[in-house]
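The structure under discussion appears below in the form of structure tokens.
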Amino acid sequence: MSTGARERNLAEGLAESVVADANESETDADVWSDDEHEDIVRATLERENERGSEKVDERDTRVRILLIRERDAEFARDKTFKARSITDLNNEAVRHLKAGDDVRCIVSYAKIFRKIAENNVTSPTLYVCHSNRAYAYLNLGLFEEALWDGHRAQTLANERFTQIQSDEGTVNVFVKGFARKGFALMGMRRPKLAKIEFENGLAMSPKDEELKRGLEEATQAIIHDLYVGRGKEKQYALPSCGKTSERISSLPYSAPLHRVHPREMLPNKLLTPFQAENDHHLKDTYNYMTIQADIRVPKRHFSVLHDEVRRSKYSAAIHRAIEKMHGDAKDARVLNIGCGAGLNTMLALKHGAHHVTATERWLYLAMATKENLLNNGYSDDQVKVVYKRPTDVALLRDVPISCNICICDVFDDGLLSSGMIPAVRHALDKLLLPDAIMIPSSATMYAQAIDMRTPSFDGITLSAIDAYRWHPTYMAGVDLCEDAYVALSEPVQVFQFDFLIPPDSSERRTFDLAFTKRGKFNAVLFWYDMTLIDEINISTRPGVTGAPSSMRAAVQFMPGKIAVEDGLVLPLTCAHNTVGIQFTVEDAEYDEVSKKDASFPKYHFHMLQDHGRLHAYSDAIERQVAKIKGRGESVRALDVGTGSGVLAMLTARAGADSVVACDTHPSLVSIARRNVAANGFGSQVSVLKQDVTLLERGKHTPYDGVNLIVLDAFDAGLTGDQVLYMLECARRQVCGSSCAVVPAAATIYCAGVEAYTNEVDGFDLSAFNKYRWDSSYEATYMRDQPYRVLTKPKRVFEFFFDDSQRSKGRETVLKVETIAHGYLNAVMFWFDLHMDEEETITTAPPGIDKGGVIVDASILGDVDGERAKKVMSESLRRVRANLASNPRSKDFEHKERSDPSMTTVERSDAVRQVSITNDSSSFDNSEEERVEHYWGQALQYLERGVQVRAGKKIALLAKRQNSSVHFSLKEGVGSWVGKPPWKIEWGGGASVESPHFQRVHYCQLLVNDFLMRLRSKRFAPIEKDMKMILAHCGNLFLEPRSLTDVYHNLVMLEVYFDWDDFSPGAKVESMSKQYLRLC
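Residue numbers (numbering that gives the first Met the number 0): 0 to 1078.
Next comes the structure, spelled out in structure tokens:
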């Protein structure tokens, strides 16, 4: 029998046995009921795999015996092979390989390696022999031998390339080695390892069809393995020491770095602020984080000032506490920890506190408190403002006398991470009387298992991105998307904190988590119900009515996805160390372990939840592909900034012949490749890790160039992420004679607004508005901001991406018509995205539709200015009433002064009007079905503000500078607005420069020094330092959200500047921008 016949008989026998097993399995499965069908299918597949594995092992043994016999016979026939050259023997083996005789090919290569071993000779191209023999072994199903040969071929090719520093085929063999190893691992039923090999190969050769096919097969095999219950991964939590609690203590001074850097994110030995700012290893990092939080916190504090629920609850609690003291014939002496802008301090004085000591950890909030107190008539003998960390405040030196009421407002969405318990514990020990009242008095924390994954879009799975749902601690500070998660269990109570008896030890509890739904458990949603005093409560539970807008639930991601069923019970371990909280499952099988990539741009999760945008893109792409094919041309597409690869896949599904998708972030490129493989578009889509501005025709794209470009590289201001520059480079370098673009064009619209906080609860806080201003615009949802529209929308710029018309210049003067009285200090702008001539989507704010058309009549309802006048009058009356009630103010009156011209009904109506005109959510938006897109709107504060009257016109100057749009008033119009102290530059050198400006400039010098050290590779990644600061965040009294933002920015900088090639089209700000919703 010939060798080919032997192989055919072996293959046919194996195929017959597999078919017979499959038929037998089908017969068995028919007996079972439909309810048990799924479990039976899985069990059948498992039995089939076991039987098939035994038959494959038997077959492999027979093939190996056959090869040994054929080798010995060939050595006996050709006794002079050692005298022949290696090239001649290799040519003989290649002839057999091309003829399809894999056995003879392997035997011929055996002669080469016998000659090399016995004659002590070698060949510079021996890597080719190993590569070809690996291919032959794969054809015979001998996967272990193929894996070894593939690895050996890569090793020799790499050594040869290192020696000669030129190609000579080594690169091609090296890339093929990934395919050889990948398919060998697939044959060995290790698809996860095979997937890694295919991805590594595609990183070097993104267009290799064999590698793309292998990645598709590996992805499908992984899905199949998970379906039958194989391929799950174990990730154990650190084992418990047996104790349920351990006393929290501080690290010794000058502790070695290996003790400062925690092995887990809940250390029991905590770093103190004194150590952090004095240890030369830590002080630069700590000072940098402190300054960065210092300049971020004031702007975020506006959300607290605008939170009516939180303000009213605190006001009621403070009033109740002071009344209790007065009822006991005691003076109310208040300690306000974390006074913010001073609102709670002034509320305490308003409600009758004898004296208030206001402490604030952040410099600019402390400065704002002092300024606001003076503006509202409170003198130094009533209140003392202390700029110190809570644990540094001392009796007598800072607090004149022990206090009997403590208002602590240093909690965050995770409750403990801002240092609430150390602050309260220090106050109780050193600053308060034994019978002091604590506000808040207690908090109860709840947790719930959730499934938080990216849904498929129109049949296209996008699940590869879910592997990057990870954070060292928890995600917070941003509102959750609607339908962002699926609850898999009922809430369970995990901890209860009494702030009059704050814990000084860590605590660890285990709860049985009973699941009520089937899904993938990959995150824990947790929140707390906080009791301020008596029955006055605040809850951050999502979805409840009356919840504060500035406080939210938090999400901690698990190490991976755990498949759960209805009725399953898993032990959930909850632990805290008084300054942080953590949830773990100590023993679990994960379908997939998450990638711990701190640089991953998390706004992509929100982007993929925007299905309205994806539908618009899908329809427009289908129309453009049909139009190109109608001209008899093949569709050669380019996806600029592919991200998850969804637009590239939509283009391929629409019928494109080839799609080149490019991105610069390594993780996004990996996600796009996995999504393409999972959806079976590998033959059409090639994903490149390349800057679009560096693409070359013929090398990265077809020689004919591309004739369709799809892109979504926009920010809230449309052009801020350099989309125009990238499109220009793509058109110049890789486009054909005619090229369609989706979207085809865009139009920017703007409107002047009043975004200004004048008074809050009767207190004048207008001085705090200086912290709004920034030189660039911010992305936001205007429905989340209190503002008033003062002008009609106006078209600003038009951009024609398809080059069908010439765009306008780089600047223009706009004559905008005012529609309401007010103080114009900001401009909101948005864009209409024209997908093609048939469809347009818009990012317009509530009450405004496509084309800048006002659809909400309430925006135009104050042309005569009566409503604004009534609001201002009522605001002024409340401020005067507070001043009159202050016995130490020069405006003090024994009876509250009121405007006799206003009746009680009118006054209450005016109060109602305050909330209407200062809250955009009150718009009667008739288009509730329109979901806002993930870009949001752009809001820019002007350098000059001006009072406007309805029915007039005012000139706005719009400029395109540094790829962004910038607005300003006409020179000489209005007056300068206040700016944050660190934004004011005196000039004249460091010796006379503003110290506030110098603080921020010091941060930039630290970053520059950090970037200069990157290329040396001698220092630990910046992530190590960031995780250390994050683990000790609560004890250092840093702000978790600011720390998370800075953490991501620095890690992204490290990734960006560590790239081998400079990428002019990439922008760090575009990859580290904030996400507006947590999805």
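Think of the CB as a built atom: it goes at the ideal place given N, C-alpha and C, for glycine as much as any other residue.
Point to revise | DSSP three-state assignment for Y1061, whether helix, strand or coil | key: To locate residue 1061, count along the sequence shown from 1; it is residue 1062. Per the sequence shown, residue 1061 should be read as Phe rather than Tyr. In the displayed model, F1061 falls within coil according to three-state DSSP, outside both helix and strand.
Review point. Whose CA, out of L137, R188 and Y126, lies closest to the CA of E158?
Key: Position 159 of the sequence shown holds residue 158. Comparing Cα positions, the closest option is Y126.
Point to revise | C-alpha distance - E37 paired with V227, whole-angstrom precision | key: Residue numbering aside, residue 37 sits at position 38 when the sequence shown is read from its first letter. Residue numbering aside, residue 227 sits at position 228 when the sequence shown is read from its first letter. Low local confidence applies: a pLDDT of 47 at E37 is under 50, so the model's placement there is unreliable, with the coordinate-based value given in what follows. Going by the C-alpha atoms only, they are around 10 Å apart.
**Study point:** Bounding residues of the alpha helix (DSSP H) (the contiguous stretch that carries I840)
**Key:** Within the sequence shown, the letter at position 841 stands for residue 840. Unbroken run through I840 is the beta strand (DSSP E), T839 to T841; no alpha helix (DSSP H).
Point to revise | Burial state of G241, where buried means 16 or more other Cβ atoms lie within 10 Å | key: Translated into the one-based positions of the sequence shown, residue 241 becomes position 242. Bear in mind that the predicted position of G241 carries a pLDDT of just 43, short of 50, making it unreliable; the figure below should be weighed with that in mind. Exposed, by the Cβ-count rule.
Practice item. Using DSSP bridges, identify the partner residues of H965. Key: Your numbering for residue 965 matches position 966 in the sequence shown. In the DSSP assignment, H965 forms a beta bridge with K958.
Point to revise | Own chain residues within Cβ distance below 7 Å of F173, not counting five before or after | key: Locating residue 173 in the sequence shown gives position 174, where the first residue counts as 1. Result list for F173: Q153, A156 and N157, in chain order.
Check your understanding: Roughly how many whole angstroms lie between the Cα atoms of L334 and H350?
Key -> Walking along the sequence shown from the start, residue 334 turns up at place 335. Walking along the sequence shown from the start, residue 350 turns up at place 351. Computed Cα separation, rounded: 14 Å.
Review point. Which partner residues does F520 have in the DSSP bridge list?
Key: By 1-based counting over the sequence shown, the position of residue 520 is 521. Under DSSP, F520 shares a beta bridge with I561.
Review point. Can you list, in chain order, the residues of its chain whose CB lies under 6 Å from that of E905, leaving out five sequence neighbours each side?
Key: Sequence index remark: in the sequence shown, residue 905 carries index 906 (1-based). Here the model assigns E905 a pLDDT of 37, short of 50, so the residue's position is not dependable and the matter cannot be decided.
Review point. Does the beta-carbon distance from A217 to M185 come in below 8 Å?
Key: One-based indexing of the sequence shown puts residue 217 at position 218. One-based indexing of the sequence shown puts residue 185 at position 186. Yes, the pair counts as a contact, with Cβ atoms nearer than the cut-off.
Point to revise | Three-state class that DSSP yields for D662 in the structure shown | key: Locating residue 662 in the sequence shown gives position 663, counting from the first residue. Strand.
Review point. Counting only runs that start and end within the segment 971-1037, where is the alpha helix (DSSP H) found for 4 or more residues in a row?
Key: The qualifying runs are 994-1013, 1021-1030 and 1032-1035.
Practice item. Verify whether the separation of the beta carbon atoms of G418 and D690 is less than 8 Å. Key: As a first step, residue 418 must be located in the sequence shown, where it is residue number 419. As a first step, residue 690 must be located in the sequence shown, where it is residue number 691. Contact annotation: G418 and D690 have beta-carbon atoms that are not nearer than 8 Å.
Practice item. From the DSSP output, in three-state form, read off T692 for me. Key: Walking along the sequence shown from the start, residue 692 turns up at place 693. DSSP places T692 in helix when its eight states are reduced to three.
Check your understanding: Between I404 and A331, is the Cβ-Cβ spacing less than 8 Å?
Key -> To locate residue 404, count along the sequence shown from 1; it is residue 405. To locate residue 331, count along the sequence shown from 1; it is residue 332. Against a cut-off of 8 Å, the Cβ pair of A331 and I404 comes out as a contact.
Review point. Rounded C-beta distance between F767 and N371? I'm assuming under 8 Å.
Key: Here the question's residue 767 lines up with position 768 in the sequence shown. Here the question's residue 371 lines up with position 372 in the sequence shown. By a beta-carbon distance limit of 8 Å, F767 contacts N371. Their separation comes to about 7 Å.
Review point. In terms of residues, what are the limits of the beta strand (DSSP E) holding P433?
Key: For the purposes of this step, residue 433 is taken as residue 434 along the sequence shown, with counting starting at 1. P433 -> beta strand (DSSP E) spans L431 to I438.
Practice item. Would you check if the segment 1051-1066 and the segment 416-433 touch, i.e. whether three or more CB-CB distances between them fall below 8 Å? Key: Touching, no, given that fewer than three Cβ pairs across the two stretches are closer than 8 Å.
Check your understanding: Taking the C-alpha atoms as reference points, what is the distance between D434 and D497?
Key -> Position 435 of the sequence shown holds residue 434. Position 498 of the sequence shown holds residue 497. Answer to the nearest angstrom: the Cα atoms are 15 Å apart.
Point to revise | 4 or more residues per run - each alpha helix (DSSP H) lying fully within the segment 328-365 | key: If you keep only unbroken alpha helix (DSSP H) runs of at least 4 residues inside the segment 328-365, you get 342-349.
Review point. Of all the alpha helix (DSSP H) runs that stay within the bounds of the segment 694-749, which reach a length of 4 or more residues?
Key: Within the segment 694-749, the alpha helix (DSSP H) runs of at least 4 residues that lie entirely inside it are, in chain order, 722-732.
Check your understanding: Would you say A587 and V523 are within 8 Å of each other, going by their C-beta atoms?
Key -> As a position in the sequence shown, residue 587 is number 588, starting the count at 1. As a position in the sequence shown, residue 523 is number 524, starting the count at 1. For A587 and V523, no; Cβs fall outside 8 Å.
Check your understanding: Can you tell me where the alpha helix (DSSP H) with V303 in it begins and where it stops?
Key -> As a working mapping, residue 303 is identified with position 304 in the sequence shown. Segment F301 to L304, the alpha helix (DSSP H) holding V303.
Review point. Are the beta-carbon atoms of D662 and T650 separated by less than 8 Å?
Key: Taking the first residue of the sequence shown as position 1, residue 662 is located at position 663. Taking the first residue of the sequence shown as position 1, residue 650 is located at position 651. No, these two residues do not count as a Cβ contact at 8 Å.
Practice item. Tell me where the beta strand (DSSP E) around L571 begins and ends. Key: Here residue 571 refers to the residue found at position 572 of the sequence shown. For L571, the enclosing beta strand (DSSP E) covers residues V568 to H575.
Exercise for review: Evaluate K1023 with the Cβ neighbour count: other Cβ atoms within 10 Å of its Cβ, from every protein chain shown; 16 or more gives buried, anything less gives exposed.
Suggested key: For the purposes of this step, residue 1023 is taken as the residue at position 1024 of the sequence shown. Under this definition K1023 is an exposed residue.
Check your understanding: Are there 16 or more other CB atoms within 10 angstroms of the CB of M1011, so buried, or fewer, so exposed?
Key -> Position 1012 of the sequence shown holds residue 1011. M1011 comes out exposed.
**Study point:** Three-state class that DSSP yields for Q784 in the structure shown
**Key:** The residue given as residue 784 occupies position 785 in the sequence shown. The answer is coil: DSSP assigns Q784 none of H, G, I, E or B.
Exercise for review: On a CA-only basis, which of L146, K383, S993 and S462 is nearest L359? Give me that one, please.
Suggested key: As a working mapping, residue 359 is identified with position 360 in the sequence shown. What sits at residue 359 in the sequence shown is Glu, not Leu. Per the C-alpha coordinates, the member of L146, K383, S993 and S462 positioned closest to E359 is K383.
Check your understanding: Run through DSSP, which three-state label would I847 get?
Key -> Within the sequence shown, numbered from 1, the residue matching residue 847 stands at position 848. Here I847 sits in strand by DSSP.
**Study point:** Straight-line gap, H1086 to Y445 (C-alpha atoms, nearest Å)
**Key:** Residue 1086 is absent from the model: the chain starts at 0 and stops at 1078.
Practice item. Under 7 Å Cβ to Cβ from Y287, same chain only, skipping five residues before and after it: list those, please. Key: For the purposes of this step, residue 287 is identified with residue 288 of the sequence shown, where counting begins at 1. Cβ within range, chain order: C1002 and L1005.
Review point. For L237, does the three-state DSSP call read helix, strand or coil?
Key: Position 238 of the sequence shown, counting from 1, holds the residue named residue 237. Note that L237 scores a pLDDT of 45, beneath 50, so its modelled location is shaky; the value from the coordinates is reported in the next line. Residue state for L237 is assigned as coil, using DSSP reduced to three classes.
Exercise for review: Tell me, to the nearest whole angstrom, how far the beta carbon of M474 is from that of A553; I am working on the premise that it is less than 8 Å.
Suggested key: Taking the first residue of the sequence shown as position 1, residue 474 is located at position 475. Taking the first residue of the sequence shown as position 1, residue 553 is located at position 554. Rounded to the nearest angstrom, the Cβ distance from M474 to A553 is 7 Å, consistent with a contact under 8 Å.
Exercise for review: Determine the extent of the beta strand (DSSP E) in which A446 is found, giving its start and end residues.
Suggested key: For the purposes of this step, residue 446 is identified with residue 447 of the sequence shown, where counting begins at 1. It spans S441 to D450 - the beta strand (DSSP E) in which A446 sits, taken as one unbroken run.
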